[in-house]
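Reading through the structure tokens given below for one structure.
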Amino acid sequence: MKTSLRLEDGTKNSLQIPIDLIIEIFLRLSVNSIARCRCVSKQWASTLSRPYFTELFLTRSLARPKLLFAYRKGSDYLFLSSPQLQNPDDDHKKSSPVVVNYHMHHILNLGSGNMSWRTIQCCIPHRSFDGGICIDGLIYYYAGVNNNDIVIVCFDVRSEEFRFIIGALHHGSLINYNGKLSLYLPSTVYSRFNGVIRSIKLWVLEDAKRQEWSEHTYILPAMHDIMKTTDLRCVGMTQTKEFVFWSIKGMRFYVFYYNIERNTIKKVEMQGMEAFKESNVYTFLDHVEDVKLMQFF
């Protein structure tokens with residue numbers, strides 16, 4: 001690939017840059033930057049659309065997953081991301097602040113044309129609650145049936161079938177635990193001003209058809225005092241077996257990583273999210289960027 005450099009005397013000098021070097025530079029950019037680069041020239045657009053580049057970009061992205069944040073304000077959604085810590089060091093309880101990257105804002109609507117919402121009926125009437133989760137094409141959420149009995153509903157987006165899970169003896173936050181549905185139940189000791197999480201109990205759905213659950217309990221290390229907060233939200237577990245929590249204290253947004261194998265906790269301040277409100281923040285783990293999706297927009 002050739003590029004032109006303007007020298008001090010005003011003349012231009014064309015340089016031949018190896019394509020491998022060009023690809024390596026592009027691989028270090030974000031999806032937003034790749035989209036802008038595709039608009040520079042036909043040659044750049046062709047290079048960045050090659051299967052070799054798109055597959056390699058996805059491979060690199062899978063090795064460096066991110067945290068994805070969605071902030072809702074009315075019908076408008078703001079999307080941001082930050083690097084997701086991979087096996088944080090054990091030497092420090094608090095790492096350097098991380099600056100989030102702005103992606104886009106999007107207004108949810110049906111657009112123009114004849115599009116409309118489609119209602120899928122369930123044979124058992126129920127009233128859904130907030131706080132659902134999607135795991136491998138299965139949407140789980142709490143719902144009330146009959147005389148306000150609480151059950152977990154599983155909806156398969158591929159077959160469009162409903163299934164009811166009634167074997168859970170406890171009600172907790174629905175999270176993804178190694179690809180399985182889990183109920184998160186913190187054990188919190190409260191002081192006058194805030195609470196301290198002492199341990200974590202999980203009920204993991206091992207067999208959905210038989211509705212068999214297993215119980216797991218994790219005792220937090222002595223450094224648990226860094227997780228003092230009145231409202232600590234559990235996002236789930238990463239692929240590297242770390243629980244991720246987030247909390248807003250004052251005008252600061254924090255993310256906590258708890259490694260169950262090393263029994264260590266890492267606290268990270270997220271800069272750029274100071275104006276977020278707790279009730280309007282949605283956090284997703286192991287976010288992967290794929291430049292091939294840009295071809296559909």
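If you use the UniProt record's numbering, the sequence shown corresponds to residues 1 to 297, in order. Even for Gly, the Cβ is constructed at its ideal location relative to N, Cα and C.
| Item | Value |
| --- | --- |
| Just the Cα atoms here: how many angstroms apart are Leu58 and Asn178? | 21 Å |
| Report yes if the C-beta distance between Gly132 and Ile139 is below 8 Å; otherwise report no. | yes |
| Hey, does Tyr218 have any beta-carbon neighbour from chain C nearer than 8 Å? | The displayed structure is made up of one protein chain only, and chain C is not part of it. |
| Determine, using beta carbons only, whether Ser75 and His287 come nearer to each other than 8 Å. | no |
| According to DSSP, is Arg72 helix, strand or coil? | strand |
| Between Ala208 and Trp44, what straight-line distance do the alpha-carbon atoms span, to the nearest angstrom? | 48 Å |
| Please check the pair Ile265 and Tyr258, which I expect to be a contact at CB under 8 Å, by giving their CB distance rounded to whole angstroms. | 5 Å |
| Taking Phe243 as the reference, give the member of Gln16, Val40 and Thr217 with the closest Cα. | Thr217 |
| Could you check what DSSP says for Cys37 in three-state terms: helix, strand or coil? | helix |
| Apart from the five residues just before and just after Lys180, which ones in its own chain have a Cβ nearer than 8 Å to its Cβ? | Ile135, Val204, Leu205 and Glu206 |
| Answer yes or no: do Leu285 and Gln84 have a C-beta to C-beta separation smaller than 8 Å? | yes |
| Going by C-alpha to C-alpha distance, which of Pro97, Ser182 and Gln121 sits closest to Gln211? | Ser182 |
| Which stretch, first to last residue, makes up the alpha helix (DSSP H) that contains Ser61? | Pro51 to Ala63 |
| Can you check which of these residues, Pro125, Ile260 and Ser30, is closest to Ile200 by C-alpha distance? | Ile260 |
| From the DSSP output, which residues share a beta bridge with Thr283? | Phe69 |
| Under 8 Å by Cβ, that's how I've got Ile34 and Val291 pegged, so tell me the actual separation to the nearest angstrom. | 5 Å |
| Just mark Glu289 as buried or exposed, buried being the case when its beta carbon has 16 or more other beta carbons within 10 Å. | buried |
| Go to Asp20, then tell me how far its beta strand (DSSP E) extends in each direction, as first and last residue. | Counting along the chain, Asp20 falls outside any beta strand (DSSP E), though it belongs to the alpha helix (DSSP H) covering Ile19 to Leu27. |
| Would you tell me roughly how many angstroms separate the C-alpha atoms of Ile166 and Pro51, rounded to the nearest one? | 46 Å |
| Identify, in the order they occur along the chain, each residue of the same chain with its Cβ nearer than 7 Å to the Cβ of Cys122, setting aside the five sequence neighbours on each side. | Phe162 |
| Assuming the contact rule is C-beta atoms closer than 8 Å, Met273 and Phe253 should be a hit. Round their C-beta distance to whole Å, please. | 4 Å |
| With Ile175 and Met237 assumed to form a contact (beta carbons below 8 Å), what rounded beta-carbon distance in angstroms separates them? | 7 Å |
| Along the chain, where does the alpha helix (DSSP H) that runs through Leu46 open and close? | According to the sequence shown, residue 46 is Ser rather than Leu. Ser46 -> alpha helix (DSSP H) spans Lys42 to Thr47. |
| Which residue spans inside the region 195 to 276 form an unbroken alpha helix (DSSP H) run of at least 4? | none |
| What is the DSSP secondary structure of Asn32, reduced to helix, strand or coil? | helix |
| Taking the alpha-carbon of Leu62 as reference, which of Leu27, Ala70, Tyr142 and Thr47 has the nearest alpha-carbon? | Leu27 |
| Cutting at 6 Å between CB atoms, please list the residues of its own chain near Val157, excluding the five before and the five after it. | Gly137 |
| Please state if the CB of Ile124 and the CB of His155 are separated by a distance shorter than 8 Å. | Per the sequence shown, the amino acid found at residue 155 is Phe instead of His. No, these two residues do not count as a Cβ contact at 8 Å. |
| In three-state DSSP terms, what is Val291? | helix |
| Run the CB neighbour count on Lys73, radius 10 Å, all protein chains shown included, and call it buried at 16 or more, exposed below. | exposed |
| In chain order, what residues of the same chain have a beta carbon less than 6 Å from the beta carbon of Thr283, not counting five sequence neighbours either side? | Phe69, Val235 and Trp246 |
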